[in-house]
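A.B. asks:
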Amino acid sequence: MMNKKYAICLLGLLISVCFAACDNEGDSLVKANGYIENTENGTSTAILKGYENPNIEFSVLKPSGFDSPFYINEKSFIGDSYSFIEASESRLDAMTTVPVNENWAETALITLGNTYWVRYEKPDFYHYLKLRVAYIMGNEIGVEYLIVDTKSEGPNPNSNFRYQSKYPSAMNMETPALNESNQYVAYNVTFNNSQCVNFALEYVAEKKHSAWVAFSFDQWTSQDNVSRKNEWEQDDPNIDNSVEVTESMHKSDGYDKGHLVASEDRVYCRDANRQTFYYANISPQIGVFNQKYWAALEKQVQTWGRSTQQSVYDKVYVTKGGTINKLLTNFTGTLKANDQLYPTTDADGKTVRGLIVPAYYYMAILSEKNGVYKTIGFYVPHAETLPQKPTADDFLVYAVSIDKLEQETGIDFFCNLPNEIETTVEATYSADDWAW
């Protein structure tokens, strides 16, 4: 039998040989205890699992300040909103210039010892980090990374992204750029056992009028399931009573109570239609304008919207309103309203009840089909003299590009589109893109 002293010596010798073997194999930056060398001050390290088989073990890396992680897929880096560029340097401290304007790829093949630039996309800016693959060991890889201070303008810097946590629907495609001075309101309904945004608006308390209303047609909201019930005199739970318009403010003033979101725009369920009768959605409109030309234009847009039922479009986005900074002043109408009174305004553009009367009404329309967008705008004078049975040619008299409509109204429409798309589709319009 081996004596105790000899056994201890033999065990020590074997341990020494094992450690020597570990030190002489693999990446020289990786110690036997798994330590990853920092190749730049302030770096962090992490282990990502799933290199050989994600079904055995799998993990992700979500850097501080980033909203989502990246991970390994088929031995490559990938992640939602991430893109990558393989770098030529071997250390992070040698990577000194962010390749902002280079071609970024959605994936990057994982290679031992390689370094990478990583870009994370938010609508308004890009985050960047440097990344190094320190070791690959079976199903896991060890990485060193450093978030860099550099940020660059994102694909959509003028979007409503900064309001998303407070107002999730502000990122809807139909929602214009929000004005923090005004009150944003989203009217929700439950339809088919799920909640959806019926429409949204931006209310200007000092003017007691909305700057705009916005909604969309899709295969659900374009349905025609209910009829109009004229549900006036509702108390809007979203607008403070001190600045809310009431029925009495519309009485005996010579104007129609003109819907901004038309009653017929929202007939997919009873609650959706009922909400269109809130006074924040109402504007004093000349009777013949409201009932003839404007109603016909609304019907045309509804036809486009309801064509989502036949998959002509995936969605149709609509923003509408009256020009609250361009008012109909010193006006005396020649046609009586339903109350048998002539519509008038004073030098401030207000009715006899003190409500402002826009000089123009507008629509901004955006269609989407398989990721392709088309736009058209309308900027219509609030007048008695418009055609009462308008044709497509009569509508096209007041058709404008979205860029032109933005100039006239001061509103940034469809700001949640990626900038490159927004710039292109808002510059011009083509009547041939729309069925008349």
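In case it helps, my numbering puts the sequence shown at residues 201 to 636. Glycine included, every Cβ here is placed at the ideal spot set by N, Cα and C.
If N525 sits next to S359, beta carbons under 8 angstroms apart, how far is it from one beta carbon to the other, in whole angstroms?
C.D. replies: No, N525 and S359 are not in contact; Cβ-Cβ is about 24 angstroms, not under 8 angstroms.
A.B. asks: Would T623 be called buried (16 or more neighbouring beta carbons within 10 Å of its own) or exposed?
C.D. replies: T623 is exposed by the Cβ-count criterion.
A.B. asks: Of all the options P618, Y562, A377 and D436, which has the alpha carbon lying nearest to the alpha carbon of T523?
C.D. replies: Answer by Cα proximity: Y562.
A.B. asks: Please classify Q485 as buried or exposed, where buried requires at least 16 other C-beta atoms within 10 Å of its C-beta.
C.D. replies: Q485 comes out buried.
A.B. asks: Determine the burial state of S268: buried for a count of at least 16 other Cβ atoms within 10 Å of its Cβ, exposed for fewer.
C.D. replies: By the 10 Å Cβ count, S268 comes out exposed.
A.B. asks: Rounding to the nearest angstrom, what Cα-Cα distance links T544 and A583 in this structure?
C.D. replies: Cα to Cα, the separation comes out at about 12 angstroms.
A.B. asks: Once the 5 residues before and after G313 are set aside, which same chain residues still bring their CB inside 6 angstroms of it?
C.D. replies: Result list for G313: empty, nothing under 6 angstroms.
A.B. asks: Using the beta-carbon count (16 or more within 10 Å), is P437 buried or exposed?
C.D. replies: Exposed, since its Cβ has fewer than 16 Cβ neighbours within 10 Å.
A.B. asks: To the nearest angstrom, report how far apart A414 and L460 are at their CA atoms.
C.D. replies: Whole-angstrom Cα-Cα distance: 9 angstroms.
A.B. asks: For S365, count neighbouring C-beta atoms within 10 Å of its own C-beta (all shown protein chains included) and say buried if the count is 16 or more, exposed if not.
C.D. replies: Burial call: exposed.
A.B. asks: Is K492 helix, strand or coil by DSSP?
C.D. replies: Of the three classes helix, strand and coil, the one that applies to K492 here is helix, per DSSP.
A.B. asks: Which value, in whole angstroms, describes the spacing of the CA atoms of L248 and Y271?
C.D. replies: Roughly 7 angstroms between the two C-alpha positions.
A.B. asks: Classify G454: buried if its beta carbon has 16 or more other beta carbons within 10 angstroms, exposed otherwise.
C.D. replies: So G454 ends up on the buried side.
A.B. asks: Quick one: is V597 buried, meaning 16 or more other Cβ sit within 10 Å of its Cβ, or exposed?
C.D. replies: So V597 ends up on the exposed side.
A.B. asks: Buried or exposed for R332, going by 16 or more other Cβ atoms inside 10 Å?
C.D. replies: Looking at its Cβ environment, which holds 16 or more other Cβ atoms inside 10 Å, R332 is buried.
A.B. asks: Just the Cα atoms here: how many angstroms apart are K351 and Y316?
C.D. replies: Roughly 17 angstroms separates the two Cα atoms.
A.B. asks: Got a sec, what are the start and stop residues for the alpha helix (DSSP H) T623 sits in?
C.D. replies: N619 to A627 is the extent of the alpha helix (DSSP H) around T623.
A.B. asks: Distance, Cα to Cα, S601 vs L566?
C.D. replies: The alpha-carbon atoms of S601 and L566 are separated by roughly 11 angstroms.
A.B. asks: Could you tell me which uninterrupted beta strand (DSSP E) segments, each at least 3 residues in length, are contained entirely in the segment 226-308, listed from first to last along the chain?
C.D. replies: Correct list: 244-249, 271-273, 276-278 and 282-287.
A.B. asks: Taking only the alpha-carbon atoms, compute the straight-line gap between D632 and V260 and give it to the nearest angstrom.
C.D. replies: The alpha-carbon atoms of D632 and V260 are separated by roughly 48 angstroms.
A.B. asks: Pull up the distance between the alpha-carbon of S452 and that of T591, whole angstroms please.
C.D. replies: S452 and T591: Cα-Cα distance of roughly 32 angstroms.
A.B. asks: Tell me the rounded alpha-carbon separation between E225 and S264.
C.D. replies: Note that E225 has pLDDT 38, beneath the 50 cutoff, so the model's placement of it is unreliable and the number below is only indicative. If I take the Cα positions, the gap works out to 33 angstroms.
A.B. asks: Can you grab the Cα-Cα spacing for the pair T245 / G354, in whole Å?
C.D. replies: Roughly 27 angstroms separates the two Cα atoms.
A.B. asks: Would Y505 pass as a contact of S422 if the rule is Cβ separation under 7 angstroms?
C.D. replies: It should be noted that the sequence gives Gly, not Tyr, for residue 505. Yes, the Cβ-Cβ distance between G505 and S422 is below 7 angstroms.
A.B. asks: Any chance the CB of T243 is under 6 angstroms from a heavy atom of the ligand MN?
C.D. replies: Annotation note on the ligand MN: not contained in the displayed structure, which lists no ligands.
A.B. asks: Cβ atoms of I439 and A480: under 7 angstroms apart, would you say?
C.D. replies: Contact flag set, yes.
A.B. asks: Could you tell me the boundaries of the beta strand (DSSP E) in which R332 lies?
C.D. replies: Per DSSP, R332 belongs to the beta strand (DSSP E) from F325 to M337.
A.B. asks: Which same chain residues, not among the five before or five after Q509, have their C-beta less than 7 angstroms away from its C-beta?
C.D. replies: Same-chain partners within the cutoff: Q419 and S422.
A.B. asks: Rounded to the nearest angstrom, how far is the Cβ of V348 from that of V426, given a contact under 8 angstroms?
C.D. replies: Contact doesn't hold; Cβ gap of about 55 angstroms is too wide.
A.B. asks: Could you compute how far the alpha carbon of W634 sits from the alpha carbon of F477?
C.D. replies: If you take the alpha carbons of W634 and F477, they lie about 29 angstroms apart.
A.B. asks: Suppose you measure from the CA of Y468 to the CA of T390; what does that come to, to the nearest Å?
C.D. replies: Each residue's Cα considered, the two are about 11 angstroms apart.
A.B. asks: Could you check where the beta strand (DSSP E) with R319 kicks off and where it finishes?
C.D. replies: From DSSP, the beta strand (DSSP E) with R319 extends over T315 to E321.
A.B. asks: Where do the N-terminal and C-terminal ends of the beta strand (DSSP E) with N398 fall, by residue?
C.D. replies: Note, N398: beta strand (DSSP E), S394 to V404.
A.B. asks: Assuming the contact rule is C-beta atoms closer than 8 angstroms, Y517 and M373 should be a hit. Round their C-beta distance to whole Å, please.
C.D. replies: That pair is a contact at about 5 angstroms.
A.B. asks: Rounded to a whole number of angstroms, what is the C-alpha to C-alpha distance between D305 and I285?
C.D. replies: Per the sequence presented here, residue 305 reads as Ala, with Asp not at that position. Cα-Cα distance, rounded: 6 angstroms.
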